[in-house]
Amino acid sequence: MDSLLVGTQLLLAAVFALAGTAKLFDLSAARQAAADFGVPRRAAPIVGVLLPIAELATAVALVFQPTARWGALAALVLLLAFVGGIANAMRLGKDVDCGCFGPVYSATAGTGALIRNMILAGLATFVVVDGPAPAIDDWVAARSAAELVAIGLGIALVGLAGVAWRLRSQNRSLRQAVVDAPASEGPEIQGLPPGSFAPQFALPDTQGRIQTLGSLLGRGQPLVLVFFDRGCQPCHDVSPSLARWQRTLSDWVTIAVVMAVSAEENVATENVAEANVAEPTVVEEDVAGENISMWDEHGLANVLFDNANEVAGLFRLRSTPIAVILDPRGTIASTPTGGQHGVEVVVRLALTRALRGEWDAADGTTALPTIIQVPASAV
Amino acid sequence: MSSAGMERPRALSSKQHVAFETFAVRVAVSTNHADVLPRLRDLPAAQSRPCDFDATDHRYSFMTDDGARFDVRYDVRAGKAAEDPYDTWAWVAGATDLDLAFAMFEPHLHSVIGMYAPDHLFIRAGVVAHQGRLIMLPGKGLTGKTTLVAALVNAGATYYSDQFAVVDEEGRVYPYAKPLSPHIPMGGSDEAVNGRLSLIGQEPRPPAAIVLTSYLPGADWRPRRLALGESVLSLISHAAPAQERPQDAMRVITSMMKHDPVVLESERGEAEAVVPLLLSELDRQLARSA
Numbered sequence: 066m067d068s069l070l071v072g073t074q075l076l077l078a079a080v081f082a083l084a085g086t087a088k089l090f091d092l093s094a095a096r097q098a099a100a101d102f103g104v105p106r107r108a109a110p111i112v113g114v115l116l117p118i119a120e121l122a123t124a125v126a127l128v129f130q131p132t133a134r135w136g137a138l139a140a141l142v143l144l145l146a147f148v149g150g151i152a153n154a155m156r157l158g159k160d161v162d163c164g165c166f167g168p169v170y171s172a173t174a175g176t177g178a179l180i181r182n183m184i185l186a187g188l189a190t191f192v193v194v195d196g197p198a199p200a201i202d203d204w205v206a207a208r209s210a211a212e213l214v215a216i217g218l219g220i221a222l223v224g225l226a227g228v229a230w231r232l233r234s235q236n237r238s239l240r241q242a243v244v245d246a247p248a249s250e251g252p253e254i255q256g257l258p259p260g261s262f263a264p265q266f267a268l269p270d271t272q273g274r275i276q277t278l279g280s281l282l283g284r285g286q287p288l289v290l291v292f293f294d295r296g297c298q299p300c301h302d303v304s305p306s307l308a309r310w311q312r313t314l315s316d317w318v319t320i321a322v323v324m325a326v327s328a329e330e331n332v333a334t335e336n337v338a339e340a341n342v343a344e345p346t347v348v349e350e351d352v353a354g355e356n357i358s359m360w361d362e363h364g365l366a367n368v369l370f371d372n373a374n375e376v377a378g379l380f381r382l383r384s385t386p387i388a389v390i391l392d393p394r395g396t397i398a399s400t401p402t403g404g405q406h407g408v409e410v411v412v413r414l415a416l417t418r419a420l421r422g423e424w425d426a427a428d429g430t431t432a433l434p435t436i437i438q439v440p441a442s443a444v
Numbered sequence: 020m021s022s023a024g025m026e027r028p029r030a031l032s033s034k035q036h037v038a039f040e041t042f043a044v045r046v047a048v049s050t051n052h053a054d055v056l057p058r059l060r061d062l063p064a065a066q067s068r069p070c071d072f073d074a075t076d077h078r079y080s081f082m083t084d085d086g087a088r089f090d091v092r093y094d095v096r097a098g099k100a101a102e103d104p105y106d107t108w109a110w111v112a113g114a115t116d117l118d119l120a121f122a123m124f125e126p127h128l129h130s131v132i133g134m135y136a137p138d139h140l141f142i143r144a145g146v147v148a149h150q151g152r153l154i155m156l157p158g159k160g161l162t163g164k165t166t167l168v169a170a171l172v173n174a175g176a177t178y179y180s181d182q183f184a185v186v187d188e189e190g191r192v193y194p195y196a197k198p199l200s201p202h203i204p205m206g207g208s209d210e211a212v213n214g215r216l217s218l219i220g221q222e223p224r225p226p227a228a229i230v231l232t233s234y235l236p237g238a239d240w241r242p243r244r245l246a247l248g249e250s251v252l253s254l255i256s257h258a259a260p261a262q263e264r265p266q267d268a269m270r271v272i273t274s275m276m277k278h279d280p281v282v283l284e285s286e287r288g289e290a291e292a293v294v295p296l297l298l299s300e301l302d303r304q305l306a307r308s309a
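As they're listed, the protein sequences go chains W and X. Take 66 as the starting number for the first sequence in this note's numbering and just add one per residue. Take 20 as the starting number for the second sequence in this note's numbering and just add one per residue.
Set out below in structure tokens:
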């Protein structure tokens, strides 16, 4: 009987010590839980602070023999209060977070919490009625070494079983979440649908000249637009090949690079007025050093500056590098494909289609819509 | 041919698949669209022998909901049974039209076969045999391999491959042929062209010559013979699984070089103009080597 009482007292003390300490680390949640359980709004902040202090005091009282029964009585009162609060919340159908162990463990106040608190209340009653247990040092002194080891192992075993049970529950719920998760929706769909007209644009190139969609399509060839960002390493990696393809495939395919630049890099250009278009985007001056190293190093041609990704936005493209084919009439002829490998695939596909003669009927004049969609900053 | 994006859906009533084995790699492709399966016939890998679907190690899914946008995915677990619910399929192409989906799928398939073929090394190269001598033409993408192969076939060579030289442990090169694109200018009547293309090399041969060349408009043909070390380094850079299987790549390339091929390097101009120069240079070099 003495051992049972000692064990019960220590168990209750551990539970209340954990609950009180955890709540002290998250007092706002403790106040909220008090309010949720029906404590008047004005009293809830005080109760939220006093409750963990009371729990800690109860834990301490349960450990020492002279105060153990008082501690058990306090525990019983607190537990009955919890039971009442939970039962009341359940009766009202309120979905209340019990906040039982603060950030360590919390769950919706329901049947499980109710039963747990009733069991603990039963244990507290046992100590009140049959306690207190002998002082712990006396109790330890009365045990043999083998008994103490066995008790220690038993406690450890029970603890491990509890952890294992909890991990099993978590694993089960995670697997269920995977099963219940909606099927993968795949990569984010980018780009305008094939068959639609490409948006018009007018952008300055590295020489400050204005290049329009119409001028790029002027040779009656398909156009591959490759969208770059200077900070993107795959864009740098694909540049040598891209520059080579611009030279070797120029009889069949026009390849242009649309280079994103930020709004801060926007500098007005004197060529804009001559081009008879609204101010388009940017002419590089302050960033020229870095950019020049990228296109001059590899001999990239047809490099256009896209201020703040506005043209990329019109094409509904959000990643780089990414490439899309336009037929000689300015119609979107492929879905866009990104990545270093994807750019090669798109260029190859444009070349294959051009060599097949798919676009031979096109006369080089475009059937572009009359609405000119220059970037917002240009209007 | 119209753009796939504007085709009407041709959904199959149920998912169908093809399964084939090539160079000891077993691959299956499943689809729910009728236009996919016929196009697989053009892939060199698919020309290998059929095999049982359940025995395949590498599986592709080629699916569409609307007949316009296709998703291509690859089972990265290489054949292990899908017993748990975790998604183990990698995206090859997402929501692309059929042409682009195939354009993404095809190199992925070749890289998988090249990666997992246990006894062969895949080197990015065109391959022909001319007068009994096998000529390898290593090169990166879009450097004119296919055009040069077609020009050599037009000059009487036997077609082996326009994409990969598949080399065994003894340094012999195997055919890996797909129909050359009809856009490649071949000259002559259609019957004559088809006749030449249908003569695909069957016999594995060691390379007599390796020509590292790429097209540059207006470039002169100025071949330079490479030393052994330069040759090996160049070939390594074109070996598909060189990073993943460097020892295998090195061993096979070393075996290949034991056959003492002539290795030349030069930029080149138009293929038709270069072919006679290339062949005469090879005659000269091989005669000197002999």
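Heads up, the beta-carbon is just placed ideally off N, CA and C, and yes, glycines get one too. Everything numeric in this text was worked out from a predicted model, so none of it was measured.
How many whole angstroms separate the CB atoms of L290 of chain W and A419 of chain W, which I take to be in contact at a CB cut-off of 8 Å?
The pair is not a contact, with the Cβ atoms about 15 Å apart (cut-off 8 Å).
Could you tell me the distance, in whole angstroms, from the CA atom of I320 of chain W to the CA atom of W310 of chain W?
Cα to Cα, the separation comes out at about 8 Å.
Let me know if A353 of chain W comes out buried or exposed under the rule of 16 or more other beta-carbons within 10 Å of its beta-carbon.
With a pLDDT of 46 at A353 of chain W, under the threshold of 50, the modelled position of this residue cannot be trusted, and the question is left open.
Hey, does A122 of chain X have any beta-carbon neighbour from chain W nearer than 8 Å?
yes
Nearest to P199 of chain W by alpha carbon, out of W:Y170, W:G187, W:R312, W:S68?
W:S68 is the residue among W:Y170, W:G187, W:R312, W:S68 whose C-alpha sits nearest the C-alpha of P199 of chain W.
In whole angstroms, what separates the C-alpha of L307 of chain W from that of R394 of chain W?
23 Å
Pair within 8 Å by beta-carbon distance, H129 of chain X and F183 of chain X:
Contact flag set, yes.
Closest residue to F124 of chain X among W:G407, W:G422, W:E423, W:A415 (Cα-Cα distance)
W:G407
Does DSSP put Q276 of chain W in a helix, a strand or coil?
strand
Any idea if N236 of chain W is buried or exposed, counting beta-carbon neighbours within 10 angstroms, 16 or more meaning buried?
exposed
Which residue's Cα is closest to the Cα of M359 of chain W: W:R381, W:A373, W:P299?
W:P299
Specify whether the region 279 to 287 of chain X and the region 227 to 238 of chain X touch according to this definition: at least 3 beta carbon pairs, one from each stretch, less than 8 Å apart.
yes
Determine the chain W residues that contact T115 of chain X at a beta-carbon separation under 8 Å, and present them in chain order.
S399, T400, T402
With DSSP as the reference, please indicate the residues paired to T162 of chain X in a beta bridge.
According to DSSP, which records beta bridges pairwise, T162 of chain X is partnered with nothing at all.
Give me, in chain order, the residues of the same chain whose beta-carbon lies closer than 8 Å to that of R303 of chain X; leave out the 5 immediate sequence neighbours on both sides.
Listed in chain order, the non-local C-beta contacts of R303 of chain X below 8 Å within the same chain number zero, local neighbours out to five positions each way being set aside.
Could you give the DSSP three-state label for V193 of chain W: helix, strand or coil?
helix
Closer than 9 Å between beta carbons: that is the criterion. Which residues of the region 302 to 324 of chain W meet it against chain X?
S306, R309, W310, R312, T313, L314, S315, D316
Interface residues of chain W around D181 of chain X at Cβ under 8 Å?
Listed along the chain, the chain W residues whose CB falls inside 8 Å of the CB of D181 of chain X amount to none; the nearest CB is some 13 Å away.
Step through the CB atoms of chain X and report whether any lies within less than 8 Å of the CB of I387 of chain W.
no
Classify G167 of chain W as buried or exposed, calling it buried when 16 or more other Cβ atoms lie within 10 Å of its own Cβ.
The residue in question, G167 of chain W, is buried, as its Cβ has 16 or more Cβ neighbours within 10 Å.
Hey, how far is the Cα of G163 of chain X from the Cα of A38 of chain X?
31 Å
So who's on the other strand from F89 of chain X, going by DSSP bridges?
X:T83, X:T115
Proximity to L141 of chain W [Cα-Cα], best of W:M155, W:P105, W:L77, W:T86
W:L77
Alpha carbon of D84 of chain X to alpha carbon of D118 of chain X, nearest angstrom:
So the two alpha carbons sit approximately 16 Å from each other.
Assigned secondary structure, T54 of chain W (DSSP; H/G/I helix, E/B strand, else coil)
Residue numbering for chain W in the displayed model covers 66 to 444; residue 54 of chain W lies beyond these limits and cannot be assessed.
Please confirm whether G160 of chain X has its beta-carbon closer than 8 Å to some beta-carbon of chain W.
yes
Could you give the distance in angstroms between the alpha-carbon of F81 of chain X and the alpha-carbon of W108 of chain X?
12 Å
Apart from the five residues on each side of it in sequence, which residues of its chain come closer than 8 Å, Cβ to Cβ, to Q221 of chain X?
Excluding sequence neighbours, Q221 of chain X sits near P194.
With 16 other Cβ atoms within 10 Å as the buried cut-off, status of L153 of chain X
buried
If you compare alpha carbons, which of W:D302, W:L369, W:S327 is closest to L268 of chain W?
W:L369
Would W424 of chain W count as contacting chain X if we go by Cβ distances under 8 Å?
no
Have a look at A64 of chain X and Q255 of chain W and give me their C-alpha separation to the nearest angstrom.
Whole-angstrom Cα-Cα distance: 31 Å.
With DSSP as the reference, identify every bridge partner of R244 of chain X, one or two as the case may be.
X:L283
Assigned secondary structure, I390 of chain W (DSSP; H/G/I helix, E/B strand, else coil)
In this structure, I390 of chain W counts as strand in the three-state DSSP scheme.
Would you check if the distance between the CB atom of S304 of chain W and the CB atom of L365 of chain W is smaller than 8 Å?
Yes. Within cutoff.
Return helix, strand or coil for L281 of chain W, following the three-state DSSP convention.
helix
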